[in-house]
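Since the structure comes first, as structure tokens, the remarks are kept for the end.
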Amino acid sequence: MRDFSRRTLLKTSGMAATLAAAKSLFPAGAFAQGAGLETTKATLGYIALTDASPLIIAKEKGLFAKYGMPDVEVVKQASWGTTRDNLELGSGGGGIDGAHILTPMPYLLQLGKISKNNQPVPISIVLRLNTNGQAISVSNAYKDLKVGLNSAPLKDVFKGVAASGKEIKIAMTFRGGTHDLWIRYWLAAGGIDPDKDVQTIVVPPPQMVANMKVGSMEAFCVGEPWNAQLVNQGIGYTAVSTGEFWKDHPEKSLALRTDWIEKNPKAAVALTAAVLEAQQWCDKPENREEMCTIVGKRAWFNVPVADIIGRTKGDFDFGTGRKETNAPYVMKFWADHASYPFQSHDLWFLTENIRWGVLAPETDLAGTIKAVNRQDVWREAAKLIGATGPEGTSRGVETFFDGIKFDPANPQAYLAAQKIKRV
344 MRDFSRRTLL KTSGMAATLA AAKSLFPAGA FAQGAGLETT KATLGYIALT
394 DASPLIIAKE KGLFAKYGMP DVEVVKQASW GTTRDNLELG SGGGGIDGAH
444 ILTPMPYLLQ LGKISKNNQP VPISIVLRLN TNGQAISVSN AYKDLKVGLN
494 SAPLKDVFKG VAASGKEIKI AMTFRGGTHD LWIRYWLAAG GIDPDKDVQT
544 IVVPPPQMVA NMKVGSMEAF CVGEPWNAQL VNQGIGYTAV STGEFWKDHP
594 EKSLALRTDW IEKNPKAAVA LTAAVLEAQQ WCDKPENREE MCTIVGKRAW
644 FNVPVADIIG RTKGDFDFGT GRKETNAPYV MKFWADHASY PFQSHDLWFL
694 TENIRWGVLA PETDLAGTIK AVNRQDVWRE AAKLIGATGP EGTSRGVETF
744 FDGIKFDPAN PQAYLAAQKI KRV
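This note's numbering numbers the first residue of the sequence shown as 344 and each following residue consecutively.
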């Protein structure tokens, strides 16, 4: 995998260039009526998380219709497990054609690690929905520690609690998913083994706050707005926003069933273009308040706008007296290549899942990434909105808060540098 330095190459072209690109992919009238597209319909799933906003905005602002896909449905899912099950079914079986999803999940489905009877379910990633925007929250029972980037202060405390007979439960949203990997990295960096010193449990994102309120867990990792809501309700505090320990880290993706793309290649590009334009809209500061108002509606998140707006604008109240404005780790939908599905980032997710025993060390990483990552669809869709992407498929060497580096040209060196691992 080649290593390219980061470049700011996303630029909006003039209308003439946009139309020229559109004509090369679609017959005249395709945007208006869906003419020339294989279908005008798709069913997409989402979880009530701020990083699903581009899908919702694409629907609310008529962007799917603009690109000839007026019949796209965006349907709420109860959990990531439900999303998995509905992707397996496909819309023809009463499920969904694609989804706002934890980036590792399409890979785990492709490899048959999380599907029924371990049968591979080919899924493709067509874009990254966002970078940053997740957090690790801790119960107010440990508020005096004011734990931050360094989780080590919890190690002895957890030992004492466990000695009293109480199980130390740490919640994430799906085994092998992004939140599982973030909280494992954070715990392990502080000397806490996430498999031996604590018990990791799965809790759907919208249920995190309620579960911590009744004492079901000591800490959790989830996307916004649930960390902010926890603070606003005085139940816990934010230890760290994930962008603090990996700047502009990749997060959710938009995935489509591979057979749907193969059956509807032009429609796949049109649908992707609609979401790309929505990502651009969501990333404009002047649109953030309207975005939060829309997604907070009962029909979408059913969450008070006050729980969404602050961190979306970069204003963080950590619940410990620490407050920041214009934080550099604010969620990004488009800026700094947030939307582009770098293959190097997919390689990191696969490497981490090898680290924790979810995937076998002999997994064909390059072949799996080639099968799942459809950056070619992203690039064709980008032409329709007058944008271009980075020159390569790698963002280069990534550096974590503890000084460990991930070089996509040498993932084994990254694994060797980790003290706590299962491989």
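Cβ coordinates follow ideal geometry from the N, Cα and C atoms, glycine included.
N-terminal and C-terminal residue of the beta strand (DSSP E) that residue i is part of
i: Gln453; result: Careful: Gln453 lies outside any beta strand (DSSP E), inside the alpha helix (DSSP H) at Pro447 to Gln453.
In DSSP terms, what residue i is bridged to
i: Lys456; result: Looking at the DSSP assignment, Lys456 forms no beta bridge with any residue, so it has no partner.
i: Asn716; result: Ile468
i: Phe749; result: Glu741
i: Thr521; result: Paired residue(s): none; Thr521 is not in a bridge.
i: Ile444; result: Ser596
i: Thr543; result: Ile513
Buried or exposed by the 16-neighbour rule on C-beta atoms within 10 Å, applied to residue i
i: Ser507; result: exposed
i: Asp523; result: buried
i: Thr742; result: exposed
i: Pro751; result: buried
i: Asp707; result: exposed
i: Glu381; result: exposed
i: Ala395; result: buried
i: Arg631; result: buried
i: Gln462; result: exposed
i: Gly286; result: Residue 286 is absent from the structure shown; the chain starts at 344 and stops at 766.
i: Arg600; result: buried
i: Lys595; result: buried
i: Val766; result: exposed
i: Ala495; result: exposed
i: Pro671; result: exposed
i: Val638; result: buried
i: Pro628; result: exposed
i: Thr516; result: buried
i: Pro549; result: buried
i: Thr355; result: Summary for Thr355: the model assigns pLDDT 34, below 50, so the residue's position carries little reliability; its value from the coordinates is reported in the next sentence. Exposed, by the Cβ-count rule.
i: Val469; result: buried
i: Arg738; result: buried
i: Asp414; result: exposed
i: Thr543; result: buried
i: Lys502; result: exposed
i: Ala562; result: buried
i: Asp477; result: Residue 477 is actually Gln in this sequence, not Asp. Classification of Gln477: buried, given that the 10 Å Cβ count is 16 or more.
i: Pro447; result: buried
i: Lys402; result: buried
i: Ala709; result: exposed
Cβ distance (whole Å) where residue i is taken to contact residue j below 8 Å
i: Leu619; j: Ala724; result: 6 Å
i: Leu702; j: Lys456; result: 7 Å
i: His718; j: Thr736; result: Inspection of the sequence shows that residue 718 is occupied by Gln rather than by His. Sure, about 6 Å apart at Cβ, within 8 Å.
i: Ile466; j: Leu452; result: 5 Å
i: Lys512; j: Ser559; result: 7 Å
i: Lys609; j: Gly379; result: 7 Å
i: Leu727; j: Ala385; result: At roughly 16 Å, the Cβ-Cβ gap does not stay under 8 Å, so Leu727 and Ala385 are not in contact.
i: Gly579; j: Asn429; result: About 31 Å separates the two Cβ atoms, so there is no contact after all.
i: Pro684; j: Trp721; result: 6 Å
i: Trp699; j: Arg527; result: 6 Å
i: Ala571; j: Gly657; result: Actually they are not in contact, since the Cβ atoms of Ala571 and Gly657 sit about 12 Å apart, beyond 8 Å.
i: Gln622; j: Trp677; result: 5 Å
N- and C-terminal bounds of the alpha helix (DSSP H) containing residue i
i: Asp602; result: Thr601 to Lys606
i: Glu705; result: Premise fails: Glu705 is in no alpha helix (DSSP H) and is neither H nor E.
i: Val417; result: Segment Asp414 to Lys419 is the beta strand (DSSP E) holding Val417; no alpha helix (DSSP H) there.
i: Ile697; result: Gln686 to Arg698
i: Arg765; result: Where Arg765 is concerned, there is no enclosing alpha helix (DSSP H), given that its DSSP letter is neither H nor E.
i: Glu431; result: Trp423 to Leu432
i: Val552; result: Met551 to Lys556
i: Pro754; result: Pro754 to Ala760
i: Ala408; result: Leu406 to Lys409
Any chain B beta carbon closer than 7 Å to residue i
i: Tyr450; result: The structure shown contains no chain B; it is built from a single protein chain.
Checklist entry - Which runs of the alpha helix (DSSP H) spanning at least 4 residues fall entirely within the region 461-517, listed in chain order? => result Given a length threshold of 4 residues, each whole run of the alpha helix (DSSP H) inside the region 461-517 is given here in chain order: 496-506.
Next on the checklist: Ignoring anything shorter than 3 residues, give me the beta strand (DSSP E) runs that lie fully in the region 559-600, in order along the chain.
Outcome noted: Qualifying beta strand (DSSP E) stretches, in chain order: 562-566, 579-584 and 595-600.
Next on the checklist: Threshold first: 3 residues or longer. Then list the beta strand (DSSP E) segments lying entirely within the region 599-677, N to C.
Outcome noted: Within the region 599-677, no run of beta strand (DSSP E) at least 3 residues long lies entirely inside it.
Item to check | Sequence ranges, alpha helix (DSSP H) only - wholly within the region 380-404, length at least 4 | outcome: Counting whole runs of 4 or more residues, the region 380-404 contains the alpha helix (DSSP H) stretches 396-403.
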